[in-house]
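Chemist: Residue numbering for the sequence shown follows the working numbering, beginning at 256 and increasing consecutively. The beta-carbon is built from N, C-alpha and C at its ideal position, and this holds for glycine as well.
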Amino acid sequence: MDAIAAFLQKKRYMAIVYPFKQKLSSANTKGIIGIIWLVACALAFPQFFYAKVITDHGLTKCAVSWPHNHSQRQQFTYHIAVILLVYVLPLTVMFVTYSAIGIILWHNDVPGDYTNLVYYQHKIMTKKKVLIWIQDCFSMVPLHQSYRKRPA
Numbered sequence: 256m257d258a259i260a261a262f263l264q265k266k267r268y269m270a271i272v273y274p275f276k277q278k279l280s281s282a283n284t285k286g287i288i289g290i291i292w293l294v295a296c297a298l299a300f301p302q303f304f305y306a307k308v309i310t311d312h313g314l315t316k317c318a319v320s321w322p323h324n325h326s327q328r329q330q331f332t333y334h335i336a337v338i339l340l341v342y343v344l345p346l347t348v349m350f351v352t353y354s355a356i357g358i359i360l361w362h363n364d365v366p367g368d369y370t371n372l373v374y375y376q377h378k379i380m381t382k383k384k385v386l387i388w389i390q391d392c393f394s395m396v397p398l399h400q401s402y403r404k405r406p407a
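1) For V337 and S281, what's the separation of their Cα atoms in angstroms?
2) Counting Cβ pairs closer than 8 Å, one from the segment 284 to 301 and one from the segment 325 to 341, do we hit at least three?
3) From which residue to which residue does the alpha helix (DSSP H) around K285 run?
4) Determine the DSSP secondary structure at K276, reduced to helix, strand or coil.
5) Thinking just about the alpha-carbon of each residue, which of A270, A306, L346 and F350 is nearest to the one in C317?
6) Applying the criterion that 16 or more other CB atoms from any shown protein chain within 10 Å of the CB defines a buried residue, is L346 buried or exposed?
7) At what residue ranges does the segment 297 to 359 contain a whole run of the beta strand (DSSP E), taking only runs of 3 or more?
8) How close, in whole Å, do the beta carbons of A261 and M349 come, if the pair is a contact with beta carbons under 8 Å?
9) Residues in its own chain within less than 6 Å of Q264 by CB, not counting five upstream and five downstream?
10) Residues in the same chain with beta-carbon distance under 6 Å from S320, minus the five sequence neighbours each way, listed in chain order, please.
11) What would DSSP say about A407, mapped onto helix, strand or coil?
12) Could you give the distance in angstroms between the alpha-carbon of K285 and the alpha-carbon of R267?
13) Whose C-alpha, out of Y333, V272 and Q390, is nearest the C-alpha of Q302?
14) What does a CB cutoff of less than 8 Å around A407 pick up in its chain, not counting 5 residues either side in sequence?
In structure tokens form, the structure reads like this:
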């Protein structure tokens with residue numbers, strides 16, 4: 256779930272940028288993750304409730320069959336809300352926190368010898384993490400686009 260990844264990234268950001276600041280307790284962390292799961296279940300419930308198994312040209316697949324009293328505009332609004340809450344919001348949180356961490360780490364000087372191998376390995380690993388995160392962001396776009404239903 257992207258929301259949990261965004262929450263954990265926010266905790267990483269706080270640990271790196273403000274290492275001596277008080278952190279969330281275990282109970283608070285569990286509560287926030289529980290809220291994230293409840294919101295995710297609430298967002299997925301309409302698709303679960305209206306899902307039907309259909310056969311299309313001999314191919315069996317699961318499709319959402321909305322009731323006739325729901326307009327195309329309502330369905331489109333629902334899908335946009337799901338994309339924003341499940342994909343765009345967590346992606347934005349992760350982008351902002353990773354960017355802030357990257358800027359802070361790149362501008363801070365490591366005490367000691369700058370030819371230290373650990374310093375260069377740290378910079379290389381940070382760059383790799385950023386590249387992997389960017390790749391992960393773009394690899395999820397087709398998945399979310401496949402769920403979006405365009406109004407007629």
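Modeler: Taking the definition as stated:
1) Within the sequence shown, the letter at position 82 stands for residue 337. Within the sequence shown, the letter at position 26 stands for residue 281. S281 has its alpha-carbon roughly 28 Å from the corresponding atom of V337.
2) In short, these stretches touch, since the Cβ pair count reaches three.
3) Stepping through the sequence shown from its first residue, residue 285 is reached at position 30. From DSSP, the alpha helix (DSSP H) with K285 extends over S281 to Y305.
4) Here the question's residue 276 lines up with position 21 in the sequence shown. In this structure, K276 counts as coil in the three-state DSSP scheme.
5) Start at 1 with the first residue of the sequence shown, and residue 317 comes out as number 62. When each option's Cα is compared against that of C317, the closest is A306.
6) Reading the sequence shown from its first residue, position 91 is the one you call residue 346. With 16 or more other Cβ atoms within 10 Å, it is buried.
7) If we require 3 residues or more, the beta strand (DSSP E) runs fully inside the segment 297 to 359 come out as 306 to 311 and 314 to 319.
8) By one-based count along the sequence shown, residue 261 stands at place 6. By one-based count along the sequence shown, residue 349 stands at place 94. Right, their Cβ atoms sit about 5 Å apart.
9) The residue labelled residue 264 in the question sits at position 9 within the sequence shown. The residues are M349 and T352.
10) Your numbering for residue 320 matches position 65 in the sequence shown. If we look at S320 and ignore the five residues flanking it on each side, its Cβ neighbours are Y305 and K307.
11) Taking the sequence shown and counting its residues from 1, one reaches residue 407 at position 152. Unreliable placement is indicated for A407, whose pLDDT of 47 sits below 50; no coordinate value is reported for it.
12) Position 30 of the sequence shown holds residue 285. Position 12 of the sequence shown holds residue 267. Distance between the alpha carbons of K285 and R267 is about 16 Å.
13) Counting from one through the sequence shown, the residue named residue 302 turns up at place 47. Nearest of Y333, V272 and Q390 to Q302, Cα basis: Y333.
14) For the purposes of this step, residue 407 is taken as the residue at position 152 of the sequence shown. With a pLDDT of 47 at A407, under the threshold of 50, the modelled position of this residue cannot be trusted, and the question is left open.
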